[in-house]
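These protein sequence lines are chains A and B, in that order.
Counting in my numbering, the first sequence runs from 1 upward without gaps.
Counting in my numbering, the second sequence runs from 219 upward without gaps.
What follows is a set of notes on a single structure, which appears directly below.
Number of protein chains: 2
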Amino acid sequence: MNDRPEDAPQRRSKGERTRARILDSAAELFSRTGFNAVSLRDIAAHAGMTHAGLLHHFPGKEAMLLEVLARRDRTDARTVFPGIVRPGTPARASDRLRGLVDLVVRNSRTHGMVALYTKLSAEATDPGHPAHHYFKERYRVVRAELTELVGALRAEADPPADVEPAVVAVQLLALMDGLQTQWLLEPEAVPMEALVRAFLAGLGLAPDDGAGRSPVSA
Amino acid sequence: MNDRPEDAPQRRSKGERTRARILDSAAELFSRTGFNAVSLRDIAAHAGMTHAGLLHHFPGKEAMLLEVLARRDRTDARTVFPGIVRPGTPARASDRLRGLVDLVVRNSRTHGMVALYTKLSAEATDPGHPAHHYFKERYRVVRAELTELVGALRAEADPPADVEPAVVAVQLLALMDGLQTQWLLEPEAVPMEALVRAFLAGLGLAPDDGAGRSPVSA
DNA sequence: GTCTATATCGCGATAGAC
DNA sequence: GTCTATCGCGATATAGAC
Numbered sequence: 001m002n003d004r005p006e007d008a009p010q011r012r013s014k015g016e017r018t019r020a021r022i023l024d025s026a027a028e029l030f031s032r033t034g035f036n037a038v039s040l041r042d043i044a045a046h047a048g049m050t051h052a053g054l055l056h057h058f059p060g061k062e063a064m065l066l067e068v069l070a071r072r073d074r075t076d077a078r079t080v081f082p083g084i085v086r087p088g089t090p091a092r093a094s095d096r097l098r099g100l101v102d103l104v105v106r107n108s109r110t111h112g113m114v115a116l117y118t119k120l121s122a123e124a125t126d127p128g129h130p131a132h133h134y135f136k137e138r139y140r141v142v143r144a145e146l147t148e149l150v151g152a153l154r155a156e157a158d159p160p161a162d163v164e165p166a167v168v169a170v171q172l173l174a175l176m177d178g179l180q181t182q183w184l185l186e187p188e189a190v191p192m193e194a195l196v197r198a199f200l201a202g203l204g205l206a207p208d209d210g211a212g213r214s215p216v217s218a
Numbered sequence: 219m220n221d222r223p224e225d226a227p228q229r230r231s232k233g234e235r236t237r238a239r240i241l242d243s244a245a246e247l248f249s250r251t252g253f254n255a256v257s258l259r260d261i262a263a264h265a266g267m268t269h270a271g272l273l274h275h276f277p278g279k280e281a282m283l284l285e286v287l288a289r290r291d292r293t294d295a296r297t298v299f300p301g302i303v304r305p306g307t308p309a310r311a312s313d314r315l316r317g318l319v320d321l322v323v324r325n326s327r328t329h330g331m332v333a334l335y336t337k338l339s340a341e342a343t344d345p346g347h348p349a350h351h352y353f354k355e356r357y358r359v360v361r362a363e364l365t366e367l368v369g370a371l372r373a374e375a376d377p378p379a380d381v382e383p384a385v386v387a388v389q390l391l392a393l394m395d396g397l398q399t400q401w402l403l404e405p406e407a408v409p410m411e412a413l414v415r416a417f418l419a420g421l422g423l424a425p426d427d428g429a430g431r432s433p434v435s436a
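Below you can see the structure in the form of structure tokens.
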């Protein structure tokens, strides 16, 4: 999934480095075919071990999935929703909106991460899926954060935008998810960044940077 | 998946009835956990047979999946995209838009059908998935049909709507898909019909019926 | 900390009786 | 048209050597 390992492995014990390597492999393979279709042997082979070696570091397959998800969110949420990671951190609404668009751009370059979340969020709608509660809570939090963001944007906008924050939040989140499915099937047909920008612009909420020069570094 | 069997089983040979019963069971189970996680033995037990009995009617698991999908589309596409089923059939754009909203309403009542497509479309983004080409083509066709529909609506609208049909088509399809994922996780938080109507209204493309009395019979 | 070896299970698919 | 029986495979998981 990741184009590069998640956490720098230098200053860690051997066990921690091995754990990280295993999670990298699991994330990579889950992103290809989802959770159910990946075996411990697949992950072990990708990480250069046997499946028995894996189970020395993790109690089972489910535990690995949940760690993969938690690690990814820890890394990714910082940009758009600093409130999740460091509550109380101030950030201008327009900056956060630009961060959101940057996230879309970054997603367009990391097929694996998009595939991971698309497949797992769909699988996890099943109440019996190990990640069901994780995704339910994740969507709740993201909707709340987006609602707050849209509310702040509405106040900053000139002219003031006539939008209902909670409605736009659900729609925007749904739009981004749905675009990802189509983009995975046929990337050329779905320019995600432009389509998200067009949606925001239609509401009078366009980010205040140039459409072409959005920095991906964020 | 279906709250009721797909085709009325009365006037059919025993073989055809058995086939239909098997497909009902397969659809039901695929809608719960996707394709990969369901076994032939699961389907057989649900249909009241052994897995060997299944394989008298279908050459394999893949063939069953593709038949489930094709049967569902055959039934469902008629309402919104008569062009798919009977090319050349004329239908006013506003009627087709109402048909689309009715489809959203009907989906809100059939959890299983929504779960089936949400899980399978996500799984099928994997190029190696048996339904990959099916979904790729399906999205192409639906995007084209929606583009045509939005174009026709733009012409009929009063005042004329300022929208780009191809852009709105991708966005609308993505919105509906994304809403379904959130709705499956937490139905109360996602009133799909209202959110789709709000999106259309924002573009000046609202369907011309009352918001509350949309008939589901379509 | 990672290995080999093994136990136990369920899979998709086939062959052949009835 | 459906069954039982069986094949070959790969799954998760455990035990114990090194």
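From the three backbone atoms N, C-alpha and C, an ideal C-beta is built for every residue, glycine too.
These figures come from a predicted structure and were not determined experimentally.
Query	Result
Members of the stretch 110–142 of chain A near chain B, C-beta cut-off 7 Å	A115, T118, K119, S121, A122, E123, T125, D126, F135, K136 and Y139
L371/B versus T336/B, R310/B, A265/B and A270/B, residue with shortest Cα-Cα distance	R310/B
Residue burial classification, D102/A (beta-carbon count within 10 angstroms, cutoff 16)	buried
Cβ-heavy atom distance, G317/B to the ligand PLP, below 6 Å	You won't find the ligand PLP in this model; it holds no ligand whatsoever.
Rounded separation between K136/A and A255/B - CA only	21 Å
Spatially closest choice to T147/A from E67/A, R138/A and P165/A, by CA coordinates	P165/A
For P187/A and E246/B, the rounded distance between their alpha carbons	31 Å
Given L273/B as reference, the closest of K337/B, A342/B and L241/B once Cα atoms are compared	L241/B
Proximal chain B residues relative to T181/A, where beta-carbon distance stays under 7 Å	S339, A340, T343 and D395
Integer-rounded CB distance, given that D376/B should sit under 8 Å from T33/A	Not quite, the Cβ-Cβ distance comes to about 49 Å (not below 8 Å), so this is no contact.
Cβ of N36/A within 7 Å of any chain B Cβ	yes
Three CB pairs or more closer than 8 Å across the stretch 113–130 of chain A and the stretch 55–75 of chain A	yes
Whether F276/B touches M282/B by CB criterion (7 Å)	yes
Alpha-carbon spacing of L184/A relative to H111/A, whole angstroms	7 Å
C-beta contact flag for A169/A and R140/A at 7 Å	no
L195/A: contacting residues in chain B (beta-carbon distance under 7 Å)	V385, V388 and Q389
Assigned secondary structure, A63/A (DSSP; H/G/I helix, E/B strand, else coil)	helix
Where N36/A sits in the DSSP three-state scheme	coil
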